[in-house]
Amino acid sequence: MGDYWSQMYDWKNKMNKFMGDDFWTDFQDMFVSNGPLVNLYEAGNELICTVYLPGVKKVEDVDVYVHYRTLKVKGQTNMSLKGYRNVQEEYKHGPFERIVELPFPVREKPIDASYKRGILLIHLHRLIESKEERNRLKITDNESGE
11 MGDYWSQMYD WKNKMNKFMG DDFWTDFQDM FVSNGPLVNL YEAGNELICT
61 VYLPGVKKVE DVDVYVHYRT LKVKGQTNMS LKGYRNVQEE YKHGPFERIV
111 ELPFPVREKP IDASYKRGIL LIHLHRLIES KEERNRLKIT DNESGE
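Just so you know, we're using our numbering here: the sequence shown kicks off at 11 and counts up by one.
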């Protein structure tokens, strides 16, 4: 099943190149995620990502990975009430994994993350690529001297 999602992600990236990055924005609400709910907040060169994680017993149960324009959160939530049976379940518990495409490339370090009252808050910073002048290569003319 994991291979299916990576193929879909690759296909989406190819469509982004063809149709433009904003093509999928109108369709986001149509797809329901099996992972935790995520909100993104942008201000200048900063990005705040909040992840709804009720039932996390220890922060060691959650792993966060960041690479370029991708945020991956995976872990385990636990919610059980002894002596009660589940009658309705709108948010899942157990193992989870959520991959979020970010609106712009971010630095991989430093990243600040904190967990409080069921919300994981991840503070990311835009990747600012160096605009320094590139070193110009000297080209040797092998045609002269014939």
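Where a beta carbon is used, it is the ideal one built from N, C-alpha and C, also for glycine.
- C-alpha of E118 to C-alpha of D71: approximately 21 Å in a straight line.
- G128 places its beta carbon 8 Å or farther from that of Y75.
- According to the DSSP assignment, S90 belongs to no beta strand (DSSP E), since it is labelled neither H nor E.
- The Cβ atoms of F106 and G45 lie closer than 8 Å to each other.
- In the DSSP assignment, the residues bridged to Q86 are P105.
- Inter-residue distance for H133 and G85 is about 19 Å (C-alpha atoms, whole angstroms).
- Distance from the CA atom of V48 to the CA atom of E139, rounded to whole angstroms, is 27 Å.
- In this structure, E56 is the residue among M29, W21, P64, E56 with its C-alpha nearest to the C-alpha of L112.
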